[in-house]
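Counted the way our numbering counts, the first sequence spans residues 192 to 462. Where a beta carbon is used, it is the ideal one built from N, C-alpha and C, also for glycine. Everything numeric in this text was worked out from a predicted model, so none of it was measured.
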Amino acid sequence: MPELPDVENFKRYLDATGLHQRIENVAVLNAKILHGCSGETLSQALTGHELTGTHRHGKHLFAAIDDGPRLMLHFGMTGRLAYFKDLKDDPEHDRLRLDFANGYHLAYVNQRLFGQAAIVEDLAQFVAEQELGPDAFANDLDEEAFQKLLAGRRGQVKSALMDQSLIAGLGNVYSDEILFKAHLHPKTPVNSLDRNVIAKLYRAMREVLRVSIDSGAGSEELFERLPDDYLLPHREEGDKCPVCDGEVQAIKASGRTAYYCPACQPLEREK
DNA sequence: TTCCATGTTCCGCA
DNA sequence: TTGCGGAACATGGA
Numbered sequence: 192m193p194e195l196p197d198v199e200n201f202k203r204y205l206d207a208t209g210l211h212q213r214i215e216n217v218a219v220l221n222a223k224i225l226h227g228c229s230g231e232t233l234s235q236a237l238t239g240h241e242l243t244g245t246h247r248h249g250k251h252l253f254a255a256i257d258d259g260p261r262l263m264l265h266f267g268m269t270g271r272l273a274y275f276k277d278l279k280d281d282p283e284h285d286r287l288r289l290d291f292a293n294g295y296h297l298a299y300v301n302q303r304l305f306g307q308a309a310i311v312e313d314l315a316q317f318v319a320e321q322e323l324g325p326d327a328f329a330n331d332l333d334e335e336a337f338q339k340l341l342a343g344r345r346g347q348v349k350s351a352l353m354d355q356s357l358i359a360g361l362g363n364v365y366s367d368e369i370l371f372k373a374h375l376h377p378k379t380p381v382n383s384l385d386r387n388v389i390a391k392l393y394r395a396m397r398e399v400l401r402v403s404i405d406s407g408a409g410s411e412e413l414f415e416r417l418p419d420d421y422l423l424p425h426r427e428e429g430d431k432c433p434v435c436d437g438e439v440q441a442i443k444a445s446g447r448t449a450y451y452c453p454a455c456q457p458l459e460r461e462k
């Protein structure tokens, strides 16, 4: 589930488990996840050092190595972290494992190998090179900044939300949830949205992110802990809309399957 | 067996 | 230039 809320909770998990411990050994278990560096480079950058702090930008997680370069992790479609003591608890799709001096291990687990791990020297430069827009949950992305991002933009609102170069962190699942909360059809043209609707969309985005993080995004219990009026647990064709009891529909939008409630999210809005 | 999946990138086309 | 649809990548579940 690695979109912004999930990665934010992975960050907090790493903060609570893997910081300030000497890394004795690094196991690169599948080199396909390496991005622009060899396993040797990554291993050398980490071994004998400790992780001193974390940062998240969109779906990218960074862990500073002795306040110097950073270990960058991107989780693709299936990644997560796992901290454990006994190696027999090492998860099946562990691709990169840090072995700490305290005997514990931190695994970067990624079934589908779409994720990435790298050593990043300069965070700002990396964000620029990857052409990432501002983080969707960042404090300095206020409503006015959000208005400016969407100004002059064409195309569908769902595409805009998922465009990492416009705003970083939203993917297929949470963009659906945000549009559901904002009562916007996924295919609504961005240039048809007036300031008030964009303001509503902004508030929906921030609230969905905050509530999803607080509800344990990235963990098994998310669906149980989300408020009852959230679409996520009903994100299936023909399921019942949690708000109006209409039927959830699936349509293709910008190459992905978008789930929405036609009754709550009509394409043409009267404002 | 076929289709589809929470992501990204590249290509051709409008 | 911008945006869109499709394909590709790798793996596994329905």
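- Contact check for Val217 against Leu237 passes: the beta carbons are separated by less than 8 Å.
- Membership of Gly230 in the alpha helix (DSSP H) is indicated by the continuous run 230–237.
- Proximity to Tyr451 across Ala359, Asp385, His251, His374 peaks at His374, based on C-alpha coordinates.
- Taken in chain order, the whole alpha helix (DSSP H) runs of length 4 or more contained in the region 364–426 are 386–405, 413–416.
- Around Ile369, the same chain offers Ala395, Met396, Val399 as residues with beta carbons nearer than 6 Å, after the five sequence neighbours per side are excluded.
- With 16 or more other Cβ atoms inside 10 Å of its own Cβ, Arg247 counts as buried.
- With a threshold of 16 other beta carbon atoms within 10 Å, Gln456 meets it and is buried.
- For the pair Ala351 and Gln307, the Cα-to-Cα distance works out to about 24 Å.
- Its Cα nearest to that of Ala254, the residue Leu289 stands out among Asp281, Leu289, Lys223, Ile224.
- Partner residues in the beta bridge of Ala255, as assigned by DSSP, are Gly244, Arg261.
- A Cβ-Cβ contact shorter than 8 Å links Thr245 with Asp206.
- Here Glu312 is exposed. Its C-beta has fewer than 16 other C-beta atoms within 10 Å.
- Taking C-alpha positions only, Thr232 is separated from Gly409 by approximately 29 Å.
- Membership of Asn216 in the beta strand (DSSP E) is indicated by the continuous run 214–219.
- Pairing Leu423 with Met263, the inter-Cα distance amounts to about 28 Å.
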